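Before any comments, here is the structure.
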Amino acid sequence: MFSHSNATVTLTDLGFSWPNGDIALAHISGTFGSGRTGLVGANGSGKSTLLRLVAGELTPTSGRIAVAGEVGYLPQNLTLRVDATLADLLGIRGKLAALRAIESGDVSAHHFDVLGDDWDIEARAHEALAEIGLAGAGLGRRVDRISGGEAMLVATTGLRLRRTAITLLDEPTNNLDRDARKRLAGLVASWPGALIVVSHDVSLLEGMDETAELYGGKLSVFGGPYSEWRAHREQEQSAAVQAVRSAGQAVKVEKKQRIEAETKLARRAQMGQKAFENKRMPKIVMHGLRSQAQVSAAKLRAGMDRDIRSAQSALDAAEARVREDEPILLDLPDPDVPAARKIAELRAANRTVIIQGPERIAITGPNGVGKTTLLDSLVFSSSAGADEREVTGAISARRLTDRVGYLPQRLDGLDENASMLDNVQAAAPTVAPGILRNRLARFLLRGDSVHREVRTLSGGERFRVSLARLMFADPPAQLLVLDEPTNNLDLQSIDQLVDALRSYRGAVLVVSHDEVFLDRLDLDATWELGADGSLTAGD
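Numbering of the sequence shown is given in UniProt numbering, commencing with residue 1 and proceeding in unit increments.
Here's what the structure looks like:
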């Protein structure tokens, strides 16, 4: 079942290349309907780039994009804009400035044009913030004063208030806790206008009207939610695999018949040669028979060659339908952490939690209670426990090892103007560039792409560079601190991350709202952080 909805975004032979010549998208054609569409695809397939092109942030290298109305856009790297305010996230800074100017007596026509009919914009903004749990928050509050999840929810709410004809959301559930995800699902369910959502959140994708996929340089749109699309794809793949078997068998049969035919022809030729040598017939007759036999053999060979080529073409076509999704290869080093070695301490109002040996510990809790602040405090305290940092009035943290690897939620620890290779080299200065390039290839970062500047990368690519920095440290980290590590990862990459963390022999402290991911880690303990700084044992 494929989509026949009214098109709101039409792509015609669309192509885009980065300034260094790397091709991000080529010859993409397709349409998005007027309802809600979930856009899926492996990391690096071009989903975020496609949204940026539709939003007008990037200019196509070739082809055309046609949109039926104004476009609103929620970028994947929203939380990197730490200097933005809540008014910026809501998209009302200009209207608020116009309102303030008018209230101060400036009667310029420009201010009235900007404000339009939104005289109650400030009141409606505060009402919207209250609905998502930020009652009393000032519109001038900076993004770095709220959690990443709260920032995403504020920005999504702002886009909904604007009611643009087309809205693009890139990984909107990143950093959202359970309650915030429910709020977002409610917003999406009654979204005004067309909606295109890039996400790896299966529950959110299940609420879509259509599912689009970028795969193998092509865009396909299926008229149903994620589960139906997945079932359809698996059915297609099952049929494709069976077709490969059948076509492969047909090639074998054709080749076998060719061998048998060649054997018969060789025998006939041998018999004819003996007859010629024995001169059983007149020479002219025998020459004629030999010529006829050669023509007949040539026709037979040509016919059988055509049959083999036809069978091989059918096999090639069948194999082209079988997907070969290439995963990233994660192989974390062995930090050799003794079971009795104390790695870190978290001191809460009600208890002290000690991370010891190769334990895997999760910290959970609602958005805004200070989970990321706790991790920052632990990571950036002085080594060997010389410094104990207070996170709130009730909780503090200290690390007991120098060897700590940190994967922050915002992925903002990279040099934006440096290349992928240079960023990884900075974390492993003693490793030869050639060796680093070989290791980056295991993360699907290959060839000249490693010279791309970090600021041009998708969220998934940024994650892989950040993880590579973490993994290639020498000596390897004894404690891995991960803040929402499944953000921006496709489902297959999450599987690989789970396998790597489960086999890692060091300590792991992870903050995540992804309950399915946490359930798969074989955690030693889960602690929920409360707003009062308490730590309570989780399920």
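Here a beta-carbon is modelled for each residue, glycine too, at the ideal position from N, C-alpha and C.
These figures come from a predicted structure and were not determined experimentally.
- Looking at the backbone, the Cα of residue 85 and that of residue 340 are separated by about 46 Å.
- By the 16-neighbour rule on beta-carbons within 10 angstroms, residue 119 is exposed.
- When 33, 36, 66 are compared, the shortest CA-CA separation from residue 14 is found for 66.
- Secondary structure at residue 27: strand, using DSSP grouped into helix, strand and coil.
- Between residue 367 and residue 176, the CB-CB gap stays under 8 Å.
- When the alpha-carbon of residue 482 is set against those of 495, 463, 260, the nearest one is in 463.
- Assigned with DSSP and collapsed to three states, residue 226 falls in helix.
- Check the Cα spacing between residue 196 and each of 208, 203, 187: the tightest is with 208.
- If you check the CB distance, residue 162 and residue 41 do not come in under 8 Å.
- DSSP places residue 261 within a helical segment (H, G or I) once states are collapsed to three.
- In this model, residue 259 and residue 238 are separated by some 32 Å (Cα to Cα).
- Assigned with DSSP and collapsed to three states, residue 63 falls in strand.
- Per DSSP, reduced to three states, the secondary structure at residue 173 is coil, with no helix or strand assignment.
- Less than 8 Å divides the Cβ of residue 403 from the Cβ of residue 478.
- Taken through DSSP and simplified to helix, strand or coil, residue 469 comes out as helix.
- For residue 528, the enclosing beta strand (DSSP E) stretches over residues 525–529.
- Per DSSP, reduced to three states, the secondary structure at residue 535 is strand.
- In its chain, beyond the 5 residues on either side, 423, 454 have a beta carbon closer than 6 Å to the beta carbon of residue 414.
- Residue 332 sits close to residue 500, with the two beta carbons spaced by under 8 Å.
- Residue 76 and residue 350 have their C-alpha atoms roughly 37 Å apart.
- Every alpha helix (DSSP H) stretch that sits fully inside the segment 422–507 and reaches 4 residues is listed by chain position as 433–441, 459–471, 491–503.
- Collapsing the DSSP output to three states places residue 36 in a strand.
- Taking C-beta atoms as the reference points, residue 68 and residue 31 fail to come closer than 8 Å.
- Sixteen is the threshold: when 16 or more other Cβ atoms of the shown chains lie within 10 Å of the Cβ of residue 210, as they do, the residue is buried.
- Residue 358 holds the alpha-carbon nearest to the alpha-carbon of residue 338 among 412, 348, 358.
- Residue 369 is bridged by DSSP to nothing; it lacks a bridge partner.
- The beta-carbon distance between residue 87 and residue 139, rounded to whole angstroms, is 4 Å. This is short enough to meet the 8 Å contact definition.
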